[in-house]
Amino acid sequence: MQARPYVLEETTWKSVKGIDYEVAILPWGATEAHNYHLPYGTDNYESKYVAIESARKAWEREARVVVLPTIPFGVNTGQLDIRLTINMNPSTQAMVLGDIVESLEAQETRKLVIINSHGGNDFRQMIRELQSSSAVFISVINWWSCIDPKPFYDEAGDHAGELETSVMMEIAPELMLPLSEAGEGGAKKFKIAGLKSGLAWAPRTWTKVTEDTGSGNPSRATREKGMRHLDAVTSAIADFLVDLAQTDRPDSYE
Ligand SMILES: [Zn+2]
């Protein structure tokens with residue numbers, strides 16, 4: 343395998359010291375059960391794939407971007423009773439992110455993009471806090487919703503549903519069980535009307551909400567749907583990376 347200069351894990355100091363990297367990209371996932379048919383690392387495979395494929399497209403357009411290793415743990419406080427689902431608290435994530443930003447700042451890499459693939463992760467408040475004291479311009483992309491997923495699926499679903507199953511058919515089909523092994527991904531709603539309608543929000547206790555840990559029916563997933571969605575997502579992110587790399591002052595306004 344040929345080392346890709348936009349994938350840090352594969353590169354050497356010999357190569358790195360000659361390249362003026364403009365943008366660092368940090369894939370961030372989670373380690374959790376995904377219905378019966380998808381692997382625990384699904385979110386990590388997704389964020390890593392989206393980051394590398396977007397970086398590849400941007401690199402081909404002369405943007406000097408580099409993908410950092412994936413952070414494999416997400417906020418899973420509602421799934422602590424599901425075996426081997428590993429929680430990383432938001433306060434811990436903030437410290438991890440802070441250390442990464444501090445490293446980049448010291449080395450004069452001035453732009454960071456987080457590619458998030460887990461709904462329980464929310465980096466916006468962390469970025470607000472860090473941005474007030476850091477020279478690194480930090481942004482975040484939730485890849486599954488950064489462009490409207492609806493046109494690509496019959497029913498995208500939330501967790502291990504049609505969207506995630508379709509993209510994993512493209513990213514790592516060898517790690518999936520056949521769809522006949524998957525549960526239906528039915529998820530119960532809150533009884534209280536305001537919580538059910540979305541008027542109010544509260545975290546959910548996952549084992550009370552789901553039968554099979556999935557939320558969203560994977561039965562109509564196809565590789566073709568996943569491929570088309572991933573291509574649109576990585577092209578859109580690549581456009582952003584090119585713009586970001588070319589801009590000296592990303593914190594400027596129209
Ligand atoms: Zn997932």
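Note that my numbering has the sequence shown beginning at 343, numbered continuously upward.
No residue lacks a Cβ here, since even glycine has one placed at the ideal position from N, Cα and C.
Predicted model, so just to flag it, every value in this text is computed and none were measured.
Pick helix, strand or coil for P369, following the three-state DSSP scheme. The answer is strand: DSSP assigns P369 an E or B state.
Let me know the secondary structure DSSP gives I413 once reduced to three states. It is a strand residue.
Could you say which of V408, E388 and P545 lies nearest to V358 if we only look at CA atoms? With respect to the C-alpha of V358, the residue from V408, E388 and P545 having the closest C-alpha is V408.
Using the three-state DSSP reduction, which class does A477 fall into: helix, strand or coil? Annotated three-state conformation of A477 is coil, per DSSP.
Any heavy atom of ligand 1 closer than 7 Å to the CB of H379? No, the Cβ of H379 stays beyond 7 Å of every heavy atom of ligand 1.
Assumed close pair S476, V443 - CB separation to whole angstroms, cut-off 8 Å: Contact holds; Cβ gap of about 5 Å.
Would DSSP call T384 helix, strand or coil? Looking at T384 - three-state DSSP - the assignment turns out to be helix.
Give me the Cα-Cα distance between Y483 and R570, rounded to the nearest whole angstrom. Note that residue 483 corresponds to Ile in the displayed sequence, not to Tyr. If you take the alpha carbons of I483 and R570, they lie about 19 Å apart.
For S557, which three-state DSSP category applies? Three-state DSSP puts S557 in a strand.
If the criterion is Cβ atoms closer than 8 Å, does the pair V392 and T576 meet it? In this structure, V392 sits near T576, with a CB-CB distance shorter than 8 Å.
How would you call A397, buried or exposed, if buried means at least 16 neighbouring beta carbons within 10 angstroms? By the neighbour-count rule (16 or more Cβ atoms within 10 Å), A397 is buried.
Give me the Cα-Cα distance between D581 and G420, rounded to the nearest whole angstrom. One C-alpha to the other measures close to 35 Å.
Per the contact definition of three or more C-beta pairs closer than 8 Å, is the stretch 499-513 in contact with the stretch 558-567? The stretch 558-567, when compared against the stretch 499-513, does touch it at the 8 Å Cβ threshold.
Shorter than 7 Å, the distance from the beta carbon of H501 to the closest heavy atom of ligand 1, or not? Answer for H501: yes, Cβ within range of ligand 1.
Given a cut-off of 8 Å on the beta-carbon distance, is the pair L426 and Y387 in contact? Contact flag unset, no.
Nearest residue (CA-CA) to L472, options C488, E450, L439 and G499: When C-alpha distances from L472 are compared across C488, E450, L439 and G499, the shortest belongs to L439.
Measure the Cβ-Cβ separation of A400 and A587 and say whether it is below 8 Å. In contact: A400 and A587 (Cβ atoms closer than 8 Å).
Could you please give the first and the last residue of the uninterrupted alpha helix (DSSP H) stretch that includes L586? Note, L586: alpha helix (DSSP H), R565 to Q588.
Are the CB atoms of L572 and H379 nearer to each other than 8 Å? With respect to the 8 Å criterion, L572 and H379 are not classified as neighbours on the basis of their beta carbons.
Could you tell me whether the Cβ atoms of N429 and L422 are closer together than 8 Å? N429 places its beta carbon less than 8 Å from that of L422.
Per DSSP, which residues does I483 bridge with? Please list them. Looking at the DSSP output, I483 shares a beta bridge with I457.
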